[in-house]
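Residue numbers (the UniProt record's numbering): 4 to 535.
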Amino acid sequence: SSLRVVYAFAREMHPKTTDVFIQYGTAGFRTKAILLEHVVYRMGLLAVIRSRVKNGRTIGMMITASHNLEPDNGVKLVDPDGEMLEEEWEAHATKLANVSDNDLEATTMEIIQEVKADMTLKASVFIGMDTRYTSPRLAAAAANGVIALKGTPKEFGIVTTPMLHFFVKCRNDNSYGTPTEEGYYEKIIGAYKNMRKSLPTKGDYSPCLYVDGANGVGGKKLKNVKKNFDEEELELHLFNLGGSGEKLNLGCGADHVKVTQTPAKGIPSTPYQRIASLDGDGDRLVYYYTDDKDKMHLLDGDRIATLLASYITELLQRCETTEVQLGIVQTAYANGASTKYITDTLKIPVQCVKTGVKHLHSAAHKYDIGVYFEANGHGTVLYSSKAKNVISRIAREGDPEPREAAKLLSQFIEMTNETVGDAISDLLLVETVLCARGISALQWMQLYTDLPCRQLKVTVADRNAIQTTDAERQCTSPEGLQQRINELVAKYPSGRAFARPSGTEDIVRVYAEAESQLEADTLAAEVCQAVF
Ligand code: NG1
Ligand code: ZN
């Protein structure tokens, strides 16, 4: 059969050269790029099967290892609504990635039968990649996989992860936008420019923003964004754009800034200047500034979530509607001070879920408007169709005051990439709110005070020996570990700590917060000892 030819081709072109087991985790497959070619080819096969199960709707494939260093790469699949691959299919992906070349044919057939794919249907797969030098080769393997099962690949070249999610969503639902890079800019930048017409620069807000592009795709794309603005609208100064000798994510980028709590290299030091730091594939965003003593102050994902949620709440109040309820979703890594601020000051419902965007995304869907962010800066806002309908009705028919607020909110929705966290979209949302409030980075920081915190990694023999419950905040195994952590935490006022196995690396992550940095550092180190 023609399929037989396909598998012979696979063996020759994209052979499996390693026996190391690989798992589809929170961020898809992610490992050393040299171990990935057969995996990506096989994901091309799976994407075609997935597209057929979804009646020929388009599926996405993104080649990236996000904030990891240059030698790594990865692949993840995007579902038709622009969301992460359905959890049940992760097992199919893992199975297909690990079978021998000899068993590839039989396993593919098994999966086709199990998911009841009609292989006579058309299939469409959108492929994007980040700036890694190993990405073009992997993107080609992906396309070969798609073609092998007679699907139609469309390659977008170098794009941010959230752009690819956006293209997939638009291709399957043209009311969302146009599935091209131009269509993406038009929607998001258009909304920003429109909003700024009714929100002139005021107070202590300055439209001057420094950006750390992590030497990746996000910064490069911001060059295109920048062209659309005059300096009154947004004055972008772009750094770490991946010029020669500048290494992806090395000493810069959102993950570096968040985890090491130190500034990105390559950026002029200007006290109190707002700096936005993106990650390597443009789906995470954190802000920071350094003060006149060169001390860094981080404005992380929790900070962004609270800023956006409080502004949306204000606009809803001005819309004079009680029909639309807003909620915030966080993970265990959210700073305790942010959760307290949300509950006590903003008085917004807040929920804690397991680490991993898919968990936050689905929890956020349960609110009329759901704001979700991981502390590391990955997040977005989801608006239900009910919320959109109510808001557009008020924008059309409301009294003058509510109508104005509803129009602003409609633009805010338009500016949001609802498919997944998007550094470019989030950056424009944050700038809009800072401008609307007339506040500087310092004033934004003064809204609440973070508890000092520390995040560490421990390497152990078997990270899955640690099992957790309560959104990963409590360990259920090994026996005695949670009790030990409780004893350690009890020594520190406002102390909190937890340990959980990483979903993306072969390590255990430990997090601790306390009243002083020294205490947070000590508690984190003590919990590491307990885990080890
Ligand atoms: P793991 O390795 O499971 O902690 C990390 C991030 C997640 C998420 C995924 C996917 C932290 C503590 N963890 O997961 O939030 O972003 O990577 O990229 O930041
Ligand atoms: Zn990323």
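Glycine included, each C-beta is placed from N, C-alpha and C at the ideal position.
Start-to-end residues for the beta strand (DSSP E) that takes in residue i
{"i": "Lys460", "result": "Cys456 to Val461"}
{"i": "Val23", "result": "Here Val23 belongs to no beta strand (DSSP E), and DSSP marks it neither H nor E."}
{"i": "Val78", "result": "Asp75 to Val81"}
{"i": "Pro504", "result": "Arg499 to Pro504"}
{"i": "Met112", "result": "First-last for Met112: Leu107 to Glu117, but that is the alpha helix (DSSP H), not the beta strand (DSSP E)."}
{"i": "Tyr27", "result": "Element bounds for Tyr27: n/a, residue is neither H nor E."}
{"i": "Arg512", "result": "Val511 to Glu516"}
{"i": "Val353", "result": "Val353 to Val356"}
Contacts around residue i, its chain only, beta-carbon distance under 8 Å, and the 5 residues preceding and following it disregarded
{"i": "Thr309", "result": "Ile331, Ser341, Tyr344, Ile345, Leu349, Leu450 and Tyr451"}
{"i": "Ile25", "result": "Phe32, Thr34, Leu38, Val42, Thr97, Ala100 and Asn101"}
{"i": "Gln520", "result": "Pro455 and Arg457"}
{"i": "Thr110", "result": "Lys98, Leu99 and Val102"}
{"i": "Ala474", "result": "Thr334, Ala335, Cys355, Val356 and Lys357"}
{"i": "Asp509", "result": "Thr462 and Arg466"}
Simplified DSSP state of residue i, which is helix, strand or coil
{"i": "Tyr290", "result": "strand"}
{"i": "Tyr179", "result": "coil"}
{"i": "Ala126", "result": "coil"}
{"i": "Gly216", "result": "coil"}
{"i": "Leu237", "result": "coil"}
{"i": "Val51", "result": "helix"}
{"i": "Ala337", "result": "coil"}
{"i": "Lys343", "result": "helix"}
{"i": "Glu93", "result": "helix"}
{"i": "Phe170", "result": "helix"}
{"i": "Leu521", "result": "helix"}
{"i": "Cys531", "result": "helix"}
{"i": "Ser480", "result": "strand"}
{"i": "Thr472", "result": "strand"}
Chain-order list of residues whose beta-carbon lies under 6 Å from that of residue i (same chain, five-residue window excluded)
{"i": "Arg174", "result": "Thr61 and Pro182"}
{"i": "Val9", "result": "Ala151"}
{"i": "Val51", "result": "Ala126, Val149, Leu152 and Gly154"}
{"i": "His168", "result": "Val81, Gly85, Thr422 and Val423"}
{"i": "Gly131", "result": "Met65, Phe159, Val162 and Leu167"}
{"i": "Pro352", "result": "Gly330"}
{"i": "Ala378", "result": "Asp303, Gly304, Asp305, Tyr336 and Ala337"}
{"i": "Pro165", "result": "Asp286, Asn420, Val423 and Asp425"}
{"i": "Ala68", "result": "Arg33, Asp75, Asn76 and Gly77"}
{"i": "Ala527", "result": "Arg457, Leu459, Val513 and Ala515"}
Close beta carbons around residue i, own chain, < 7 Å, minus the five adjacent residues each side
{"i": "Asn197", "result": "Gln414"}
{"i": "Gly359", "result": "Thr29 and Gly506"}
{"i": "Tyr370", "result": "Gln328, Leu329 and Gly330"}
{"i": "Leu302", "result": "Val289, Tyr290, Tyr291, Ala444, Trp447 and Met448"}
{"i": "Val262", "result": "Gln458"}
{"i": "Thr204", "result": "Pro210, Glu235 and Cys438"}
{"i": "Cys531", "result": "Leu459, Val461 and Val513"}
{"i": "Lys268", "result": "Gly254 and Cys255"}
{"i": "Glu417", "result": "Lys190 and Ala194"}
Residue i at chain C interface by Cβ criterion, 8 Å
{"i": "Thr452", "result": "Of the protein chains in this structure there is only one, and it is not chain C."}
Boundaries (first-last residue) of the alpha helix (DSSP H) holding residue i
{"i": "Gly330", "result": "Unbroken run through Gly330 is the beta strand (DSSP E), Leu329 to Thr334; no alpha helix (DSSP H)."}
{"i": "Glu158", "result": "It is not in any alpha helix (DSSP H) - Glu158 instead sits in the beta strand (DSSP E) that spans Thr155 to Ile161."}
{"i": "Ile37", "result": "Counting along the chain, Ile37 falls outside any alpha helix (DSSP H), and DSSP gives it neither H nor E."}
{"i": "Gly148", "result": "Ser138 to Ala151"}
{"i": "Lys200", "result": "Glu184 to Ser201"}
{"i": "His364", "result": "Val360 to Ala367"}
{"i": "Ala378", "result": "First-last for Ala378: undefined, no H or E at that position."}
{"i": "Ser413", "result": "Pro403 to Met418"}
DSSP bridge partner residues for residue i (one or two, in chain order)
{"i": "Met64", "result": "Leu80 and Ile130"}
{"i": "Ile372", "result": "Leu329 and Tyr386"}
{"i": "Met299", "result": "Thr293"}
{"i": "Cys322", "result": "None, per the DSSP bridge assignment."}
{"i": "Met87", "result": "Val81"}
* Ordered list of alpha helix (DSSP H) runs contained in the segment 420 to 470, each at least 4 residues -> Runs of the alpha helix (DSSP H) inside the segment 420 to 470: 426 to 440 and 444 to 448.
* **Runs of alpha helix (DSSP H) wholly within the segment 241 to 286 (minimum 4 residues, chain order)** => The alpha helix (DSSP H) runs lying completely inside the segment 241 to 286 and spanning 4 residues or more are 257 to 263, given in chain order.
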